[in-house]
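Undergrad: Quick one: this structure, given as structure tokens, is what I'll be asking you about.
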Amino acid sequence: MNKDQVKGKIKEVAGEVQEHTGKMVGNAEQQAKGHAREFEGKAQKAYGDMKEDVKDTAKEVKKDLERDPLKP
1 MNKDQVKGKI
11 KEVAGEVQEH
21 TGKMVGNAEQ
31 QAKGHAREFE
41 GKAQKAYGDM
51 KEDVKDTAKE
61 VKKDLERDPL
71 KP
């Protein structure tokens, strides 16, 4: 797990809370800001997930090359 995954999830949850709070008090602006924050968090988490996948794939390729460097 990397910092983008963690920060993204925190933003996502904070955005959900802000959106629901805005809905409960009838504040459309807070509702919209919360929705945007939630989306920003999901995007950051997805970016972190992608970074983690690339890192894992690189480790796997390195391990394969160390085992048999001439194998296609």
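Residue 1 is where the sequence shown starts when you use this note's numbering, and the numbers rise one by one after that.
C-beta atoms are modelled at their ideal positions from N, C-alpha and C, and glycine is treated no differently.
Here the structure is a predicted model, which means the values were calculated and not measured.
Buried or exposed for Gly41, going by 16 or more other Cβ atoms inside 10 Å?
TA: buried
Undergrad: Quick one: any contact between the stretch 32-51 and the stretch 11-20, if contact means 3 or more CB pairs under 8 Å?
TA: Contact holds: three or more Cβ-Cβ distances are below 8 Å.
Undergrad: Is the CB-CB distance between Gln5 and Lys55 below 8 Å?
TA: no
Undergrad: To the nearest angstrom, how far is it from the Cα of Val25 to the Cα of Gln31?
TA: 9 Å
Undergrad: Can you give me the C-alpha to C-alpha distance between Asn27 and Met1, rounded to a whole angstrom?
TA: 35 Å
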